[in-house]
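Residue numbers (my numbering), protein chains in the order written: chain R, 83 to 543; chain X, 12 to 235.
Let me begin by presenting the structure, written as structure tokens, before commenting on it.
Below is the structure:
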């Protein structure tokens, strides 16, 4: 919203009313036309494309699509439109690099390009995964904060708050969000990293009041931390999400705009999702004044939102390359896994996302996590984040061709079980949790996968 | 496959209906339905030989990702428009609807693509679907089911905070003494069979396709 702050608010109410389904149905013909015009093609053998020209064509297609489509507003059923000049004025005036956190925990967010040896940001955490409240939650956050490759800490979703289920719009939702961020703050202090920047979408918070309630210098999100404000799929927003962005911005926080283009949904195939996702990135930069976009393409066939399907990895790679080659605007690649902690499959999934992100000019995470709930609690550990971060660092500066070869080998390890992923074990089974020591069994699997990645040319120490 | 006892003219009309549904072309599907009535073809035969094979093919192609959600929505609209033309001519005991499903994403959750896919697939598989949209109050699920005489209530959600609202809805149905009147099913990212069992739902659908099978099973109707 720089320069367009009040314009964005005002444009929510301008123009003709557009019925939602008409807006949705108009997307596919547009992306099909642009796929043809700009010759965009998914290639299963090139998950990380080395084709600079295709990345640039995707960027051009996304600009055209963003200007033509705009952002539909749920509350008013109007479309916020930005011109090409307005989009480019925003991108051209971005201030990079940016620093976050304090003391020795400071991290620098730099503009990166595909194959760049510039250090990327790694965001370790488990947003979306249900974790027991209190000590288990705090211990998991301590694990993320202790990982040397991990730059910022992202939350998980407490399964219960004070032993109770959390309902949207309830007082417990506000209490839970405050409690949750308090545990993260306590966790980073307890491992001697109190200056670590936080990157948080309170897991107990479906609505904006609790998200805004966690903005608190003493025990919540501080100036220069990150708070999520999502876009809705595809190319939509609402007052709730825009209000989170305004509250964050006016309190000195950075906005992480989350978007989830869907392969098989309104934008059709992988190429269509890449156009819609990149266009949504451009509009989030303007409408939300986002510091970073978290790109989370989802595949119709995977219920739990995993980003490790070959097509979702391709969308992340080519969208990231398009933005990195044509702007300094940073993209984080959300990492959602299909298998659960305690399996070799989950480690390959975590690693491949890191390799794809960093070689494509992006940043890794938040993640690795997955959508869980109900009885599916505590199926996560710090080891997945460790290998994601290590793979990211090891692949930094690698050519896309090399990275692609490793990515395909990782995919071959978990793809056979994607339809029915191994269930894994809980953090309580995989650790001596009070001491935060990894079990021999889980450590052996980690070492096995690490050695395999090394043999494939990914130099993890 | 079109039955062999039809005339060439009838076969041509069924093919037009099939193509119109595949193309999501309401104008053509309506025109073909009207032409079939004029030619003396029974409305049910038109549906069984022309429209239903078309919509079934759309569903299959959607499953193989050869067609996408907007195309399926348009096909469902084309099918419905043709059915609207034919329905007034049904005999009194004829019906093509398998049942009525109330569907929505629970309060506080605005993630609705999964629910939209379920709605489209249920529609193309012969269900009358009343879509309450996203962010739906639990009382609305019950009130609309009562008003509309629904067979199934389907609740969806992506956020883990959606789960307790599914439990609350079922509890309120017990409190209102209407629980036994409806089949209640759940779906979406954080849901599971275990959770469905825990809260006393009648079923859980892993995917939107499973949702159709589940409704068929619960209502004891034949799958397409």
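No residue lacks a Cβ here, since even glycine has one placed at the ideal position from N, Cα and C.
Note that this is a predicted model, so its numbers are computed, not measured.
Is residue 470(R) closer than 8 Å to residue 416(R) when the C-beta atoms are compared?
Within the first chain, the letter at position 334 stands for residue 416(R). Within the first chain, the letter at position 388 stands for residue 470(R). No, they are not a contact pair.
Q.
Tell me the rounded alpha-carbon separation between residue 104(R) and residue 111(R).
A. Taking the first residue of the first chain as position 1, residue 104(R) is located at position 22. Taking the first residue of the first chain as position 1, residue 111(R) is located at position 29. Cα-Cα distance, rounded: 12 Å.
Item to check | Span of the beta strand (DSSP E) around residue 448(R) | outcome: Residue numbering aside, residue 448(R) sits at position 366 when the first chain is read from its first letter. Taken as a continuous stretch (DSSP letters only), the beta strand (DSSP E) holding residue 448(R) covers 445-449.
_For residue 267(R) and residue 390(R), the rounded distance between their alpha carbons_ = The count along the first chain starts at 1 and reaches residue 390(R) at position 308. The count along the first chain starts at 1 and reaches residue 267(R) at position 185. Whole-angstrom Cα-Cα distance: 30 Å.
*So which residues on chain X does residue 454(R) lean against when the C-beta distance must stay under 7 Å?*
Against the first chain, residue 454(R) aligns to sequence position 372. Per Cβ cutoff of 7 Å: 201.
Range of the contiguous alpha helix (DSSP H) that encloses residue 55(X): Stepping through the second chain from its first residue, residue 55(X) is reached at position 44. Here the alpha helix (DSSP H) through residue 55(X) covers 54-57.
Task: Pick from 132(X), 188(X) and 168(X) that is closest to residue 147(X), judged by C-alpha positions - done: Your numbering for residue 147(X) matches position 136 in the second chain. Measuring from the Cα of residue 147(X), the nearest candidate turns out to be 168(X).
Does any residue of chain X have a CB that is nearer than 8 Å to the CB of residue 106(R)? Stepping through the first chain from its first residue, residue 106(R) is reached at position 24. Output row for residue 106(R): interface = yes.
Next on the checklist: Is there a Cβ of chain X sitting closer than 8 Å to that of residue 250(R), yes or no?
Outcome noted: By 1-based counting over the first chain, the position of residue 250(R) is 168. Yes - at least one Cβ of chain X is within 8 Å of the one on residue 250(R).
Say whether the segment 83-102 of chain X touches the segment 64-71 of chain X, bearing in mind that this needs 3 or more beta-carbon pairs closer than 8 Å, one atom from each stretch. yes
Through-space distance from residue 108(X) to residue 338(R), alpha-carbon basis:
Residue numbering aside, residue 338(R) sits at position 256 when the first chain is read from its first letter. Residue numbering aside, residue 108(X) sits at position 97 when the second chain is read from its first letter. Approximately 46 Å between the Cα atoms of the pair.
| message | If you reduce the DSSP assignment to three classes, tell me which class residue 436(R) lands in. | response | Residue mapping note: residue 436(R) aligns to position 354 of the first chain, counting from 1. Residue 436(R) falls in the helix class under three-state DSSP.
Using only CA atoms, which one of 370(R), 330(R), 194(R) and 380(R) lies nearest to residue 358(R)? Here the question's residue 358(R) lines up with position 276 in the first chain. Checking every option, the nearest Cα to that of residue 358(R) belongs to 380(R).
Notebook entry, point to check: Can the beta-carbon of residue 441(R) be found closer than 8 Å to that of residue 128(R)?
Noted result: In the first chain, the residue the question calls residue 441(R) occupies position 359. In the first chain, the residue the question calls residue 128(R) occupies position 46. In this structure, residue 128(R) does not lie closer than 8 Å to residue 441(R) by Cβ.
Practice task
Give the residues of chain R in contact with residue 195(X), contact being defined as C-beta atoms less than 8 Å apart.
Solution key: Against the second chain, residue 195(X) aligns to sequence position 184. Result: empty, since nearest Cβ-Cβ is about 16 Å, beyond 8 Å.
Notebook entry, point to check: What does a CB cutoff of less than 8 Å around residue 539(R) pick up in its chain, not counting 5 residues either side in sequence?
Noted result: For this step, residue 539(R) is matched to residue 457 along the first chain. Result list for residue 539(R): 484, 487 and 488, in chain order.
Candidates 98(X), 44(X) and 174(X): closest to residue 454(R) by CA position:
As a working mapping, residue 454(R) is identified with position 372 in the first chain. Checked all of 98(X), 44(X) and 174(X); the closest Cα to residue 454(R) is 174(X).
message = Quick check on the DSSP output: the beta strand (DSSP E) that includes residue 181(R) runs from which residue to which?
response = Mapped onto the first chain, residue 181(R) falls at position 99. From DSSP, the beta strand (DSSP E) with residue 181(R) extends over 180-182.
*asked:* Extract the residue ranges of the alpha helix (DSSP H) inside the segment 462-489 of chain R, only unbroken runs of 4 or more that lie entirely within it.
replied: 464-477
query: Under 8 Å, do residue 464(R) and residue 226(R) count as touching if we go by C-beta distance?
result: Locating residue 464(R) in the first chain gives position 382, where the first residue counts as 1. Locating residue 226(R) in the first chain gives position 144, where the first residue counts as 1. It is a contact, given that the beta carbons lie within the stated cut-off.
Fill in: Contact list for residue 84(X) against chain R, beta-carbon separation under 8 Å
In the second chain, counting from the first residue as 1, residue 84(X) sits at position 73. Simply 103, 106 and 107.
Task: Whole-Å CB distance - residue 285(R) paired with residue 253(R), under 8 Å assumed - done: As a first step, residue 285(R) is located in the first chain; it is residue number 203 there, counting from the start. As a first step, residue 253(R) is located in the first chain; it is residue number 171 there, counting from the start. With 8 Å as the limit, residue 285(R) and residue 253(R) do not qualify as a contact, their Cβ atoms being about 17 Å apart.
* To do: Going by DSSP, name the residue or residues bridged to residue 281(R).
  => Within the first chain, numbered from 1, the residue matching residue 281(R) stands at position 199. Per DSSP, 236(R) and 308(R).
Q) What is the rounded straight-line gap between the Cα of residue 529(R) and the Cα of residue 228(R)? A) By one-based count along the first chain, residue 529(R) stands at place 447. By one-based count along the first chain, residue 228(R) stands at place 146. Each residue's alpha carbon lies about 19 Å from the other.
Under 7 Å from the C-beta of residue 505(R): neighbouring residues of chain X
If you number the first chain from 1, residue 505(R) lands on position 423. The premise fails here: residue 505(R) is roughly 11 Å from chain X at the closest Cβ pair, so nothing lies under 7 Å.
TODO: Could you tell me whether the Cβ atoms of residue 501(R) and residue 473(R) are closer together than 8 Å?
DONE: Sequence index remark: in the first chain, residue 501(R) carries index 419 (1-based). Sequence index remark: in the first chain, residue 473(R) carries index 391 (1-based). Taking 8 Å as the Cβ cut-off, residue 501(R) and residue 473(R) do not qualify as a contacting pair.
key: Buried or exposed (CB count within 10 angstroms, at least 16 for buried), residue 150(X)   = Here residue 150(X) refers to the residue found at position 139 of the second chain. With fewer than 16 Cβ atoms within 10 Å of its Cβ, residue 150(X) is classed as exposed.
* Is any beta-carbon of chain R found at less than 8 Å from that of residue 218(X)? -> Within the second chain, residue 218(X) is the residue found at index 207, counting from 1. Yes - at least one Cβ of chain R is within 8 Å of the one on residue 218(X).
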